[in-house]
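Here the sequence shown stands for residues 5 to 349, numbered as in this note's numbering.
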Amino acid sequence: MGASVGQSIYRGMVRRRKAIVLAMVAAAVVLFIVNTTFFMRWSPSEALQTLFDPGSATTGLRNTVWSYRVPESCFALLTGVALGMAGAEMQTILNNPLAEPYTLGISMSAAFGASLVIGFGWGSEILGGYATIVCAFVCAMAACMMIYGVAMRRSSSRTTIVLTGVALLFLFQALVNAVQVLAGSDASASISFWMFGSVSRYVNMDYVLVMLLVVLLVGALFASNLWKLSALKLGDAKVYSLGIDVSKLRRNMILGISVLTATAVSFTGTIGFVGLVGPHVARILVGDDQRFLLPMSALCGAVFLLAAAVIIKGAGISMPIGVITSLVGVPFFLYLILSKRRAPV
């Protein structure tokens, strides 16, 4: 009888978590539609009809919805998903609730790559308009390889990986500052604006498809290791006793996190705190079970970025989306630090 009661409680918990996930999916869909069809010179009903029936609209409305608003909303959705998943798995493998993709210096290394193009025009003659994206991605992956190399060492630990990431963060921050000084005031302002982050910088469905492909591939990598990632809560020693190679798992996750972050940042710039806020809200809603935590973190990240995009449009201001996420993320980050300090040792 006790077993049946336990099974009943477990099934109820699973149903509740599934309902929460579905509710978050609905929230993401609603925000996607609002961000795509509201706050234009056309009415929302006209824009909504254009979204589902492009042939019925005028050329101007159709181009606005499908050539600008839809790609922008897709970027907000996919970037939120990418950073949410990356943040959740980074906090899991490092066992650090304050960890996020920015922590490992990958975002700042991408900013350094972009600053070389913006400040000095590196690669522009060969790559043209793709130069900023390509250089940002290459520099981000270079930082990834440095971190991966440290993780490959037998003596490496979670602390070693975090400290390496922090060191790279400050290194690339210094390099970006150096480029800004050497490139002049106009280029410095452009670099700063790039670093604020924006989901409307590259409104092109080809770029959206690239982002979607990366999210699906890395998401599949994460999904194939869900039970191993859940087991990490037991501690490394117990996980090793289950036959799991913790070092290999950690290296593979770092690689996936790095590719996700590098791709997202290359297209959108440095959008902070999405990888911190999303996973923590998800953990509050569905707990630490990776079967629910991973999709919920992705959804929370998407909802966070889409909501920020809607706020900017609703306020009628031209502001980088990274400013909004930081205004929300900084108080949340301080709350986490203070609540952690109050926790009993």
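No residue lacks a Cβ here, since even glycine has one placed at the ideal position from N, Cα and C.
Since this is a predicted model, take the numbers as computed values, not measurements.
- Message: Tell me the residue span of the alpha helix (DSSP H) that contains Val243.
- Response: That run of the alpha helix (DSSP H) goes 240 to 245.
- Message: Would Gly333 and Gly88 be called neighbours here (beta carbons separated by less than 7 angstroms)?
- Response: Contact flag unset, no.
- Same chain, Cβ closer than 8 angstroms to Pro335, five either side skipped, listed in chain order: Here the set comprises nothing.
- Task: Would you mind stating whether Pro75 and Met209 have Cβ atoms separated by less than 7 angstroms?
- Result: Yes, the pair counts as a contact, with Cβ atoms nearer than the cut-off.
- Query: Is Thr168 buried or exposed, if buried means 16 or more other CB atoms sit within 10 Å of its CB?
  - Reply: With 16 or more neighbouring CB atoms inside 10 Å of its own CB, Thr168 falls in the buried class.
- Query: With 16 as the cutoff for other CB atoms within 10 Å, does Thr256 come out buried or exposed?
  - Reply: The identity of residue 256 in the sequence shown is Asn, whereas the question assumes Thr. Counting Cβ neighbours within 10 Å, Asn256 comes out buried, since at least 16 surround it.
- Gly282 to Leu102, Cα distance in whole Å? Taking the Cα positions, Gly282 is about 12 angstroms away from Leu102.
- Message: On a Cα-Cα basis, can you pick out the residue from Gly326, Leu81, Ala23 that is closest to Tyr106?
- Response: Minimum Cα distance to Tyr106 is reached at Gly326.
- Quick one, which of Thr54, Tyr339, Ile122 has its alpha-carbon nearest Asp190's? Of Thr54, Tyr339, Ile122, the residue nearest in Cα terms is Ile122.
- Return the chain-ordered list of same chain residues with a C-beta closer than 6 angstroms to the C-beta of Phe79, the five sequence neighbours on each side being excluded. Setting aside the 5 residues that flank it on each side, Phe79 is surrounded in the same chain by Val203, each with a C-beta closer than 6 angstroms to its C-beta; the list follows chain order.
- In the DSSP assignment, find the unbroken alpha helix (DSSP H) run with Trp231 in it and report its ends. Counting along the chain, Trp231 sits inside the alpha helix (DSSP H) bounded by residues 230 to 235.
- Could you please give the first and the last residue of the uninterrupted alpha helix (DSSP H) stretch that includes Asp293? Where Asp293 is concerned, there is no enclosing alpha helix (DSSP H), because DSSP gives it neither an H nor an E.
- Query: So, are the CB atoms of Met94 and Ile261 less than 7 angstroms apart?
  - Reply: Yes, the pair counts as a contact, with Cβ atoms nearer than the cut-off.
- Item | Burial state of Val174 (16 or more Cβ within 10 Å) | Reading the sequence as shown, one finds Phe at residue 174 and not Val. Exposed, by the Cβ-count rule.
- Are Thr96 and Leu233 touching if we call contact CB-CB under 7 angstroms? It is a contact, given that the beta carbons lie within the stated cut-off.
- Item | Reference Leu303; option with closest CA among Leu82, Phe141, Arg19, Ser161 | Out of Leu82, Phe141, Arg19, Ser161, Leu82 has the C-alpha closest to the C-alpha of Leu303.
- Should Val180 and Ser119 be called a contact, given that it needs their Cβ atoms to be closer than 7 angstroms? Cβ atoms of Val180 and Ser119: closer than 7 angstroms.
- What are the boundary residues of the alpha helix (DSSP H) that Trp198 is part of? For Trp198, the enclosing alpha helix (DSSP H) covers residues 189 to 200.
- With a Cβ-Cβ cutoff of 7 angstroms, do Phe226 and Pro324 count as a contact? No, they are not a contact pair.
- Around the C-beta of Ala347, are 16 or more other C-beta atoms found within 10 angstroms, so that it is buried, or is it exposed? Low per-residue confidence applies at Ala347: pLDDT is 42, beneath 50, and the placement is therefore not dependable, though the value from the model is reported in the following sentence. Per the 10 Å Cβ criterion, exposed.
- Message: Given a cut-off of 7 angstroms on the beta-carbon distance, is the pair Arg157 and Leu98 in contact?
- Response: No. Outside cutoff.
- Message: What does the alpha-carbon distance come out to for the pair Ala32 and Gly109?
- Response: Rounded to the nearest angstrom, the two C-alpha atoms are 29 angstroms apart.
- Rounded Cβ spacing between Ala369 and Thr274 (contact assumed at less than 8 angstroms): The first residue shown for the chain is 5 and the last is 349, placing residue 369 beyond what the model contains.
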